[in-house]
Amino acid sequence: MAADWNLDAILQAAWEALQHGCERASHPFHTPVLATVGDDGAQARTVVLRSVDGVRRMLSCHTDLRSPKVAELRGAPRASWLFYDRASCVQLRCTGTAGLHHDDPVALERWQAMSPRSRACYGQALAPGAVSDDPGVGPGSRDGYENFVVIACTLDRIDWLLLREQGHVRALFSWQARKWQGDWIAP
Numbered sequence: 072m073a074a075d076w077n078l079d080a081i082l083q084a085a086w087e088a089l090q091h092g093c094e095r096a097s098h099p100f101h102t103p104v105l106a107t108v109g110d111d112g113a114q115a116r117t118v119v120l121r122s123v124d125g126v127r128r129m130l131s132c133h134t135d136l137r138s139p140k141v142a143e144l145r146g147a148p149r150a151s152w153l154f155y156d157r158a159s160c161v162q163l164r165c166t167g168t169a170g171l172h173h174d175d176p177v178a179l180e181r182w183q184a185m186s187p188r189s190r191a192c193y194g195q196a197l198a199p200g201a202v203s204d205d206p207g208v209g210p211g212s213r214d215g216y217e218n219f220v221v222i223a224c225t226l227d228r229i230d231w232l233l234l235r236e237q238g239h240v241r242a243l244f245s246w247q248a249r250k251w252q253g254d255w256i257a258p
C-alpha cells in the first residue's frame, strides 16, 4: 500500500491545507483546536488560525494576555493543534513549541493589520473567563493593544491521518537534522 502514497506529497498537501485554512474563513482548517497543559491537565479550545509559514514551520493565532492559555504556555510552552477536514476525512495533529509576542514588533504589526472590529475584542474590561452579571458582554470601548498577544508555534511534529472505509492511512513527520523526516505509522 505504501507504494501508492508519497510522503513528500502528503507533507506538501498538509502545508497547503494549513495555508488555505489561514486564508479562507470557510475552510475547515480555519478554526483548529489548540491544546495546552494547565494546572488541571490538558486544556483545549477553538482558535482562529492567523498565519502559516511552512519555511519557518510556524502556525499562529491571537489571544488575550489575560486568558488562561497565556499563563499555561508560559509554564509549559508545548502546544498541540488539531485540524480536521470532514469532506476529505483528513486529520492533522501539529505539535511544537509556542512563543508569545506581546508589545513587540510582531504583535504591533499584527495589531496594525487588524480591523477595528477585531481590535475591539481585546478592549473589554473583563478578562476572558471572568464571571459577569451580563451574558452578552461584548467588545469594550478602550484600546485593547495592551491585552493583545500573538501565539507563534514552531512545529516539530505533524501527524497526518486519512480516515477511509478501506483502511486508514497515517504518516508522522518529525523535524530532525534541519529537515522533515516522514514515516508511515499504524493508524
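Offset between the sequence shown (1-based) and this note's numbering: plus 71. Every residue, glycine too, gets a C-beta built ideally from N, C-alpha and C.
* Asked: Does the separation of the CB atoms of SER131 and SER138 fall below 9 angstroms?
  -> In this structure, SER138 does not lie closer than 9 angstroms to SER131 by Cβ.
* Asked: Taking the alpha-carbon positions, what's the GLN114 to ASP75 distance?
  -> Distance between the alpha carbons of GLN114 and ASP75: 37 angstroms.
* To do: Identify which residue in VAL161, THR134, HIS133 has its Cα closest to the Cα of GLU236.
  => GLU236 has its Cα closest to that of VAL161, out of VAL161, THR134, HIS133.
* Residue ranges of each alpha helix (DSSP H) within the region 169-220, 4 or longer -> For the region 169-220, whole alpha helix (DSSP H) runs of length 4 or above, ordered along the chain, are 176-184, 187-191.
* For the beta strand (DSSP E) that ALA149 lies in, which residues bound it at each end? -> Looking at the sequence shown, residue 149 is not Ala but Arg. Start and end: 149-156.
* Near HIS172, which residues of its chain fall below 7 angstroms by C-beta distance, leaving aside the five closest residues on each side in sequence? -> Within the same chain, and ignoring the five residues on either side of HIS172 in sequence, the residues whose Cβ sits closer than 7 angstroms to its Cβ are ALA178, VAL220, VAL221, ALA223.
* So GLU143 and THR107 are in contact, right, with Cβ under 8 angstroms, and what is the actual spacing, rounded? -> The Cβ separation is near 4 angstroms, so the contact holds.
* CYS93 in three-state terms, based on DSSP -> Helix.
* To do: Leaving out five residues on either side along the sequence, give the residues of the same chain with a beta carbon under 7 angstroms from the beta carbon of ALA85.
  => Contacts found: LEU163, ILE229, TRP231.
* Asked: Which value, in whole angstroms, describes the spacing of the CA atoms of VAL188 and PRO206?
  -> A quick correction: the sequence has Arg, not Val, at residue 188. Straight-line Cα distance between these residues: approximately 20 angstroms.
* Could you check if LEU197 is buried or exposed, using at least 16 other CB atoms within 10 Å of its CB as the buried criterion? => Looking at its Cβ environment, which holds fewer than 16 other Cβ atoms inside 10 Å, LEU197 is exposed.
* Asked: Who are the near neighbours of GLY92 in its chain, counting only those whose CB is closer than 6 angstroms to its CB and skipping five residues on each side?
  -> Taking GLY92 as the centre and dropping the five residues before and after it, the same chain places the C-beta of HIS98, PHE100, HIS101, LEU120 closer than 6 angstroms to its C-beta, in chain order.
* To do: Determine the extent of the beta strand (DSSP E) in which ARG116 is found, giving its start and end residues.
  => Per DSSP, ARG116 belongs to the beta strand (DSSP E) from 112-117.
* If you follow the beta strand (DSSP E) that ALA106 is part of, which residue opens it and which one closes it? -> Where ALA106 is concerned, the enclosing beta strand (DSSP E) stretches over 104-109.
* So what does DSSP say about ILE81, is it helix, strand or coil? -> In the three-state DSSP reduction, ILE81 falls in the helix class (H, G or I).
* Evaluate ALA169 with the Cβ neighbour count: other Cβ atoms within 10 Å of its Cβ, from every protein chain shown; 16 or more gives buried, anything less gives exposed. => Its Cβ being crowded by 16 or more others within 10 Å, ALA169 is buried.
* To do: Have a look at ARG127 and ASP204 and give me their C-alpha separation to the nearest angstrom.
  => For the pair ARG127 and ASP204, the Cα-to-Cα distance works out to about 44 angstroms.
* Going by DSSP, what residues sit across from LEU243 in a beta bridge? -> In the DSSP output, where bridge partners are listed per residue, LEU243 has ASP230, ASP254.
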